[in-house]
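Residues in the sequence shown are numbered consecutively from 4, following this note's numbering.
For every residue, glycine included, the Cβ atom is placed at its ideal position computed from N, Cα and C.
None of these values were measured; they are calculated from a predicted model.
Heads up, the thing below is written out as structure tokens.
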Amino acid sequence: MGTPDFAVPALSALITPPPPPGPPLQGGGVRGGYEVVAVVTQPDRPSGRGKQLIPSPVKRLAQSAGLKVLQPETLKDEAAVAELAALQPDLMVVAAFGQILRQNVLAMPPYGCINIHASLLPRWRGAAPVAAAIRAGDAETGVTLMLMDTGLDTGPMLARRSVPITFQHTAGTLTAELAEVGAALLLETLPSWFAGDIEPQPQDNSQATLAPRLKKEQGAIHWTQSAVEIERQVRAFDPWPGTFTEGPRGPFKILAVEVAEMIDPPQTRPGTVFRHQSRVYVSTGQGVVRLVIVQPAGKKEMTAEAMLNGQPELLGARLGEVEV
């Protein structure tokens with residue numbers, strides 16, 4: 004059960020045949036070769052200007068592998084649940100599926116429903132754990148394999164693996180890395196789970212934090228924040244919802260910034276644009292950020308210097324918040 008790109012490596016790992024007996028293959032790794040009786044994914048959704056129906060990344064992989072694909076609008080539908088039950092699954096693997104599973108589905112497979120969650124539970128339960136970890140300035144995050152229950156990412160844990168967070172990580176790049184880590188951890192864990200050698204570990208609810216679903220308006224930059232907070236926000240909300248602000252000629256996207264630790268902020272209010280040694284900076288509530296890559300409305304992405312060349316009135320202007 005999965006829908007976006009995050010779920011693709013797990014499915015690919017499960018259906019990849021194991022290596023033949025003998026010495027390990029060059030490059031190592033673990034391969035699955037499990038019998039995937041069906042793939043359950045979200046219905047095709049309209050996308051783009053033409054609003055054509057686009058299949059999910061998981062559906063595309065499943066179809067290319069000749070797997071049975073189910074796309075129920077909701078698993079509250081009795082017919083959809085009956086179709087699942089008829090498959091008699093031993094185990095359900097869930098990765099960013101996009102629907103809530105009720106108890107009648109969770110209780111169906113004898114080995115349960117294992118969720119691949121992109122955080123070190125109980126930290127960052129919810130729909131946007133990767134963005135939350137980056138925005139909070141966490142030094143590390145990771146993947147947790149969790150035996151699902153009816154709560155919000157509250158089930159007992161089967162395995163965890165940590166991944167350091169660097170200043171180069173965006174939510175997009177870190178999510179892709181965690182997807183691969185989760186797929187590998189799944190294949191390493193399943194044999195022991197099937198053999199009864201793993202005792203699920205309860206989560207410490209006193210340490211739980213929440214990462215609710217992101218909203219578009221959260222991408223608006225509040226320049227009264229510190230430079231560190233703004234830099235994290237830009238990386239945490241890349242690719243969605245993105246970060247943006249209001250300039251003299253209207254709103255524009257901010258795609259990359261840097262904290263300018265060696266630059267003393269001028270005596271201006273937060274959000275004021277200034278130039279230092281040909282580079283473009285913005286004062287904040289605490290410190291300075293350098294604008295690196297931006298995208299004015301209706302144009303391609305460009306350097307902040309190129310934008311300033313085309314919009315000289317930007318210099319000295321005070322950037323504001325965008326009404327969303």
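Residue i classed as buried or exposed, judged by whether at least 16 other C-beta atoms fall within 10 angstroms
i    : result
T3   : This structure gives no information on residue 3, because the portion of the chain shown stretches from 4 to 327.
F247 : buried
P299 : buried
W226 : buried
W196 : buried
Q280 : exposed
S286 : buried
P167 : exposed
H120 : buried
K62  : buried
T169 : exposed
Q66  : exposed
R238 : buried
T178 : buried
Q270 : exposed
G185 : buried
Pairwise C-alpha distance: residue j and residue i
i    : j    : result
Q171 : A135 : 16 Å
M160 : T306 : 45 Å
Q91  : T212 : 35 Å
D47  : M4   : 15 Å
I296 : M149 : 38 Å
D241 : E180 : 15 Å
R235 : P203 : 34 Å
L70  : V40  : 7 Å
M265 : N208 : 41 Å
I257 : F9   : 25 Å
G175 : V231 : 19 Å
Y284 : P132 : 30 Å
C116 : P75  : 18 Å
P113 : Y37  : 16 Å
P215 : R138 : 13 Å
T192 : V96  : 12 Å
P273 : L294 : 14 Å
A142 : T173 : 14 Å
Proximal residues to residue i (C-beta, below 8 Å), its chain only, five neighbours per side dropped
i    : result
P49  : Q55, L56, I57
N107 : V84
S229 : T287, G288, Q289, G290
Q210 : P125, R126
P315 : none
M151 : V97, L104, L109, G115, C116, I117, N118, G158
R278 : Y284, L311, L318
Q221 : F240, P244
Same chain, Cβ closer than 7 Å to residue i, five either side skipped, listed in chain order
i    : result
L64  : V11, L14, S15
L123 : T144, G145, T147, R163, S165
I233 : I224, V260, T287, V292
V262 : A230, V231, E234, G290, V292
E183 : P12
A88  : M111
Per DSSP, cross-strand counterpart(s) of residue i
i    : result
F277 : Y284
Q289 : S229
V61  : Looking at the DSSP assignment, V61 forms no beta bridge with any residue, so it has no partner.
G158 : DSSP lists no partner for G158.
T271 : Answer by DSSP bridge pairing: none, since T271 is not bridged.
M95  : C116
Contact set for residue i: own chain, Cβ-Cβ below 6 Å, skip 5 residues either direction
i    : result
S59  : T6, T44, Q45
P268 : S286, V291
P205 : P159
I201 : L161, S195
Contact with chain C by residue i, beta-carbon distance below 8 Å
i    : result
L258 : Structure shown: chain C not included; a single protein chain is present.
ask   = Should the region 121 to 138 be regarded as contacting the region 148 to 167, the criterion being three or more beta carbon pairs within less than 8 Å?
value = With a cut-off of 8 Å, the region 148 to 167 and the region 121 to 138 count as touching, because enough Cβ pairs lie within range.
Validate contact between the region 95 to 105 and the region 69 to 79 using beta carbons, cut 8 Å, 3 pairs = Two segments are said to touch when three or more pairs of C-beta atoms, one from each, lie closer than 8 Å; by this definition the region 95 to 105 touches the region 69 to 79.
query = Between the region 243 to 261 and the region 304 to 320, do at least 3 Cβ pairs fall closer than 8 Å?
reply = Verdict: yes, contact present.
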